[in-house]
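Q: Protein chains in written order, with my numbering: chain A, 18 to 281; chain B, 89 to 422.
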Amino acid sequence: MAVAKPLIEVRGATFRYGEQAVFSALNLDVFRGEVLTVLGPNGCGKSTLLRCIGGALALTEGSVRMDDVDISQLDVAARARKVGFLFQHHSPSFPFAVIDVVTMGRAPHLGLFDSPSLQDSRLAEEALEKVGMRHLKDRPYTELSGGELQLVLLARTLVQQPEVILLDEPTAHLDFRNQAHSVKTIAALAGQGVTMIMATHDPNHAFLLPGRVLMMQPGGAILTGLASEVISDSTLTATYGIDIAVFPAPRRAGAGEMRFCSPW
Amino acid sequence: MTKPRAIVLMILAPLALLYASLLIGRFAVSPGDVTRILMARVFPIAHDWSGPVETIVMQIRLPRAILALFVGAGLSISGAAYQGMFRNPLVSTDILGVTAASGFGAAVALLLSRNALQLQLFAFIFGLAGVALTYLIARVYRSTPVLMLVLSGVVVGAFFSALLSAAKYVADPESKLPAITYWLLGSLNAASVQSLASVLPPITAGSVGLLIMSWRLNVLSMGDEEARSLGLRTEWLKGGIIICTTLITAAAVSVCGIVGWVGLVIPHVGRMLVGPDHRRLLPAALSIGATYLLFIDDIARSATAGEIPLGILTAMIGAPFFAYLLRKTRGSWL
Chain A
18 MAVAKPLIEV RGATFRYGEQ AVFSALNLDV FRGEVLTVLG PNGCGKSTLL
68 RCIGGALALT EGSVRMDDVD ISQLDVAARA RKVGFLFQHH SPSFPFAVID
118 VVTMGRAPHL GLFDSPSLQD SRLAEEALEK VGMRHLKDRP YTELSGGELQ
168 LVLLARTLVQ QPEVILLDEP TAHLDFRNQA HSVKTIAALA GQGVTMIMAT
218 HDPNHAFLLP GRVLMMQPGG AILTGLASEV ISDSTLTATY GIDIAVFPAP
268 RRAGAGEMRF CSPW
Chain B
89 MTKPRAIVLM ILAPLALLYA SLLIGRFAVS PGDVTRILMA RVFPIAHDWS
139 GPVETIVMQI RLPRAILALF VGAGLSISGA AYQGMFRNPL VSTDILGVTA
189 ASGFGAAVAL LLSRNALQLQ LFAFIFGLAG VALTYLIARV YRSTPVLMLV
239 LSGVVVGAFF SALLSAAKYV ADPESKLPAI TYWLLGSLNA ASVQSLASVL
289 PPITAGSVGL LIMSWRLNVL SMGDEEARSL GLRTEWLKGG IIICTTLITA
339 AAVSVCGIVG WVGLVIPHVG RMLVGPDHRR LLPAALSIGA TYLLFIDDIA
389 RSATAGEIPL GILTAMIGAP FFAYLLRKTR GSWL
């Protein structure tokens with residue numbers, strides 16, 4: 018079988034704040050259409066890793082290549098055409114209509130003096146449809162719930178038409194229902210071939226999403242592989258520093274095999 | 089209100105008020121005379137009005153009314169742009185210290201007994217220099233975070249306010265001090281064809297620049313990091329907005345002193361009428377601001393025998409009006 022060329026190649030990546038290394042000598046391949054779930058305790062450097070992959074932060078050593086282009090060589094607009102970002106937190110500004118917020122995703126495709134065309138708003142509507150938020154398109158986005166807001170901002174990154182979407186704990190501030198809904202939407206997008214790297218605080222998300230897992234452990238060890246390979250009682254316990262176990266879920270009609278993890 | 093009608097209204101309102109303003113004043117001029125004097129500029133019409141009437145309309149009232157329109161429009165669009173850039177509805181045009189610096193420049197010119205045109209130049213240059221200073225102080229690691237800009241603006245504003253106080257302190261209390269004080273209260277009575285020629289170009293250029301950036305201003309108001317992730321060169325954009333608003337504000341202050349309140353409140357009125365999208369808000373701010381300041385100036389020069397300083401009236405009429413709007417809408421546009 019011919020080996021597909023990875024979309025993203027991270028080689029020897031090291032990032033230091035002063036003397037403190039957040040991660041070092043990290044190698045990683047991400048393939049087109051893959052979802053990579055990044056796990057780790059708070060402060061382990063998940064966000065930093067995402068920002069480095071996206072080119073928003075510069076690596077101390079090493080390189081990130083996307084489509085054979087070094088990400089640090091790209092200007093900010095070219096980068097935005099390759100990488101979409103969904104942040105953990107958005108502080109709303111003015112009550113723009115939802116559709117106008119989503120259309121802002123076209124910014125990297127527009128010239129300096131352009132403003133978005135009808136075609137651009139049509140793309141925005143399609144993206145809203147994909148995340149199931151089209152019915153909100155004329156609402157002021159400041160009135161949305163936290164879950165709706167994250168999905169609308171996810172639609173904005175889709176409109177960017179990037180090669181990869183980086184999601185930095187997008188469910189961190191959401192309630193149980195909205196977390197589940199967001200993860201489902203992300204899984205559905207993965208089914209349509211969108212490449213994503215998602216940092217999350219909840220290791221259970223790794224069981225709900227297709228693709229591989231990258232686990233950042235205290236002390237700098239990094240594990241990568243399928244969820245079934247990487248996520249076990251011992252790795253979770255080592256990563257989060259508390260006793261955690263993986264349980265098989267009771268079988269249900271129509272559902273595949275499910276597992277979940279929980280402190281005990 | 090339907091869209092085309094709103095646009096027509098936004099264009100007609102300032103023009104209609106401009107015409108009305110030519111009729112207002114202590115010297116009565118008939119609408120017919122005003123119309124014919126204006127028409128005579130384009131069409132060959134027999135001059136059947138007296139010389140002083142033409143002088144009053146063309147040399148005094150028209151330049152002053154045009155200046156009011158441009159200053160009001162410029163201050164309002166600047167305020168709207170800054171509120172978007174700083175993501176804060178409390179921000180006004182003097183946030184980066186331009187007003188305090190211009191005021192000091194004017195006071196220096198008055199102390200040195202310079203003529204009106206030199207005073208204007210002093211105020212303009214000091215205004216630009218003040219903002220440049222703010223920008224340099226705020227610049228860290230090749231970026232200018234919004235919070236740093238605001239704080240530097242406070243610093244520079246306080247510094248120039250102190251210098252201004254010092255200038256007042258040393259000024260001759262018989263002649264210079266009243267002149268400085270009166271200038272700071274704001275007035276459009278320096279309006280002349282000459283002053284228009286020097287003030288209109290920077291206000292126009294700055295406004296056109298802001299209109300061009302209006303959609304990008306929407307994206308910028310998402311916050312610096314998000315705007316960058318959407319491909320915006322935020323440093324260039326912020327620099328461009330600061331240059332445009334500073335050109336406008338320094339030009340406005342240089343010719344008519346400190347006219348507060350317009351740049352703070354008119355953007356809110358605009359948001360109430362057309363929403364927060366800067367593609368609609370900035371043009372609306374131009375029109376509403378122009379109309380508002382011309383209206384206020386008509387009152388300032390005709391309500392009493394003397395002239396009421398503009399800065400007093402913009403706030404005395406604007407503040408209650410804004411309070412009324414706040415109560416009525418409960419801030420639903422914010």
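Note that the Cβ used here is the ideal one computed from N, Cα and C, for glycine as well.
#1: Using a 10 Å radius around the Cβ and a threshold of 16 neighbouring Cβ atoms, would you call I99 of chain B buried or exposed?
#2: Just list the residues that DSSP pairs R359 of chain B with in beta bridges.
#3: Would you say P289 of chain B and A338 of chain B are within 9 angstroms of each other, going by their C-beta atoms?
#4: Helix, strand or coil for N221 of chain A, going by three-state DSSP, please let me know.
#5: Per DSSP, which residues does Q171 of chain B bridge with? Please list them.
#6: At a Cβ threshold of 9 angstroms, is M150 of chain A touching chain B?
#7: Listing by chain order, which chain B residues have their CB less than 7 angstroms from the CB of V115 of chain A?
#8: Are the C-beta of V307 of chain B and some C-beta of chain A separated by less than 9 angstroms?
#9: Excluding five sequence neighbours on each side, which residues of the same chain lie with their C-beta closer than 7 angstroms to the C-beta of F214 of chain B?
#10: Pull the bridge partners of S80 of chain A from the DSSP assignment, please.
#11: Is the beta carbon of P280 of chain A sitting closer than 9 angstroms to the one on D260 of chain A?
#12: Compare the C-beta of M18 of chain A with all C-beta atoms of chain B and state if any pair is closer than 9 angstroms.
#13: Identify whether D137 of chain A lies in helix, strand or coil by the three-state DSSP scheme.
#14: Roughly how many whole angstroms lie between the Cα atoms of L381 of chain B and D192 of chain A?
#15: Going along chain A, which residues have a C-beta under 7 angstroms from R41 of chain B?
#16: Using a C-beta to C-beta distance shorter than 8 angstroms, which residues of chain B count as neighbours of R98 of chain A?
#17: On the CB-based measure, 16 or more other CB atoms within 10 Å of its CB, does Y170 of chain B come out buried or exposed?
#18: So with CB distances below 7 angstroms, who are the chain B contacts of F102 of chain A?
#19: Counting only Cβ-Cβ distances shorter than 8 angstroms, please list the residues of the segment 361–390 of chain B near chain A, keeping chain order.
#20: By the three-class DSSP mapping on this structure, what secondary structure does N44 of chain A have?
#21: At what residues does the beta strand (DSSP E) containing S279 of chain A begin and finish?
#22: In terms of residues, what are the limits of the alpha helix (DSSP H) holding K131 of chain A?
#23: Taking the straight line between their C-alpha atoms, what separation do you get for A285 of chain B and S295 of chain B?
#24: Using Cβ-Cβ distances below 7 angstroms, what residues of the segment 286–305 of chain B are close to chain A?
#25: Counting C-beta neighbours from all protein chains within 10 Å, is the total for G245 of chain B 16 or more, i.e. buried, or is it exposed?
#26: Just list the residues that DSSP pairs S231 of chain B with in beta bridges.
#27: When you compare only the Cα positions, how much space is there between E262 of chain B and T392 of chain B?
#28: Look at the Cβ atom of L231 of chain A, then the Cβ atom of S199 of chain A, and state whether they are nearer than 9 angstroms.
#29: List the residues of chain A that G311 of chain B touches, going by C-beta distances under 7 angstroms, in chain order.
#30: As an exercise, report each continuous beta strand (DSSP E) stretch of at least 3 residues that is fully enclosed by the segment 285–355 of chain B, in chain order.
#31: Does the CB of G172 of chain B have a neighbour CB from chain A at under 9 angstroms?
#32: Does the beta carbon of W281 of chain A sit closer than 9 angstroms to a beta carbon anywhere in chain B?
#33: Using alpha carbons as the reference points, say which of B:I336, B:V357, B:H356 lies closest to V347 of chain B.
#34: Any beta carbon of chain B sitting closer than 9 angstroms to that of R82 of chain A?
#35: Please find out if some non-hydrogen atom of the ligand GTP comes closer than 8 angstroms to the beta-carbon of V281 of chain B.
#36: Determine whether the Cβ of E314 of chain B lies closer than 9 angstroms to any Cβ atom of chain A.
A: Let me spell this out:
#1: Position 11 of the second sequence holds residue 99 of chain B. Classification for I99 of chain B: exposed.
#2: Residue mapping note: residue 359 of chain B aligns to position 271 of the second sequence, counting from 1. For R359 of chain B, no pairing in a beta bridge is given by DSSP.
#3: Reading the second sequence from its first residue, position 201 is the one you call residue 289 of chain B. Reading the second sequence from its first residue, position 250 is the one you call residue 338 of chain B. No, the Cβ-Cβ distance between P289 of chain B and A338 of chain B is not below 9 angstroms.
#4: Numbered from its first residue, the first sequence carries residue 221 of chain A at position 204. In this structure, N221 of chain A counts as helix in the three-state DSSP scheme.
#5: Taking the second sequence and counting its residues from 1, the one referred to as residue 171 of chain B is at position 83. The partner list for Q171 of chain B (beta bridge, DSSP) is empty, contrary to what the question assumes.
#6: One-based indexing of the first sequence puts residue 150 of chain A at position 133. M150 of chain A does not count as touching chain B.
#7: By 1-based counting over the first sequence, the position of residue 115 of chain A is 98. The premise fails here: V115 of chain A is roughly 12 angstroms from chain B at the closest Cβ pair, so nothing lies under 7 angstroms.
#8: Taking the first residue of the second sequence as position 1, residue 307 of chain B is located at position 219. With 9 angstroms as the cut-off, V307 of chain B counts as an interface residue toward chain A.
#9: Numbered from 1 along the second sequence, position 126 holds the residue referred to as residue 214 of chain B. The answer, listed in chain order, is A189, S190, F192, G193.
#10: As a working note, residue 80 of chain A is residue 63 in the first sequence. Partner(s): A:R28.
#11: By one-based count along the first sequence, residue 280 of chain A stands at place 263. By one-based count along the first sequence, residue 260 of chain A stands at place 243. Going by C-beta atoms, P280 of chain A is nearer than 9 angstroms to D260 of chain A.
#12: As a first step, residue 18 of chain A must be located in the first sequence, where it is residue number 1. Note that M18 of chain A has pLDDT 47, beneath the 50 cutoff, so the model's placement of it is unreliable and no number is given.
#13: Walking along the first sequence from the start, residue 137 of chain A turns up at place 120. Helix, per DSSP.
#14: Translated into positions along the second sequence, residue 381 of chain B becomes position 293. Translated into positions along the first sequence, residue 192 of chain A becomes position 175. When rounded, the distance between both Cα atoms is 49 angstroms.
#15: Here chain B comprises residues numbered 89 to 422, so residue 41 of chain B is not present and cannot be evaluated.
#16: As a first step, residue 98 of chain A must be located in the first sequence, where it is residue number 81. Residues of chain B passing the Cβ test: G319.
#17: Position 82 of the second sequence, counted from the first residue, corresponds to residue 170 of chain B. Y170 of chain B counts as buried, since at least 16 other C-beta atoms from the protein chains shown sit within 10 angstroms of its C-beta.
#18: Position 85 of the first sequence holds residue 102 of chain A. By Cβ distance, chain B contributes S317.
#19: G363, P364, D365, R367
#20: As a working note, residue 44 of chain A is residue 27 in the first sequence. Residue state, collapsed to three classes: strand.
#21: For this step, residue 279 of chain A is matched to residue 262 along the first sequence. Taken as a continuous stretch (DSSP letters only), the beta strand (DSSP E) holding S279 of chain A covers 276–280.
#22: The count along the first sequence starts at 1 and reaches residue 131 of chain A at position 114. First, the amino acid is wrong: residue 131 of chain A is Asp here, not Lys. D131 of chain A -> no alpha helix (DSSP H), and no H or E assigned at all.
#23: Looking up residue 285 of chain B in the second sequence gives position 197. Looking up residue 295 of chain B in the second sequence gives position 207. The straight-line gap from Cα to Cα measures roughly 16 angstroms.
#24: I300, W303
#25: Here the question's residue 245 of chain B lines up with position 157 in the second sequence. With 16 or more Cβ atoms within 10 Å of its Cβ, G245 of chain B is classed as buried.
#26: Residue 231 of chain B sits at position 143 when you count from the first residue of the second sequence. Paired residue(s): B:V228.
#27: The residue you call residue 262 of chain B lines up with position 174 of the second sequence. The residue you call residue 392 of chain B lines up with position 304 of the second sequence. Looking at the two C-alpha atoms, the distance is approximately 25 angstroms.
#28: Here residue 231 of chain A is taken as the residue at index 214 of the first sequence, counted from 1. Here residue 199 of chain A is taken as the residue at index 182 of the first sequence, counted from 1. No, Cβ-Cβ distance for L231 of chain A and S199 of chain A is not below 9 angstroms.
#29: Position 223 of the second sequence, counted from the first residue, corresponds to residue 311 of chain B. Result: S108.
#30: none
#31: On the second sequence, residue 172 of chain B is found 84 positions in, with the first residue counted as 1. Chain A, which has a Cβ nearer than 9 angstroms to the Cβ of G172 of chain B, makes this yes.
#32: Along the first sequence, one-based indexing puts residue 281 of chain A at 264. No - not a single Cβ of chain B is within 9 angstroms of the one on W281 of chain A.
#33: As a first step, residue 347 of chain B is located in the second sequence; it is residue number 259 there, counting from the start. Taking only the C-alpha atoms, the option nearest V347 of chain B is B:I336.
#34: In the first sequence, the residue the question calls residue 82 of chain A occupies position 65. By this cut-off, R82 of chain A is not an interface position.
#35: In the structure on display, the ligand GTP does not appear, and there are no ligands present to speak of.
#36: Position 226 of the second sequence holds residue 314 of chain B. Yes, E314 of chain B lies at the interface with chain A (some Cβ there is under 9 angstroms from its Cβ).
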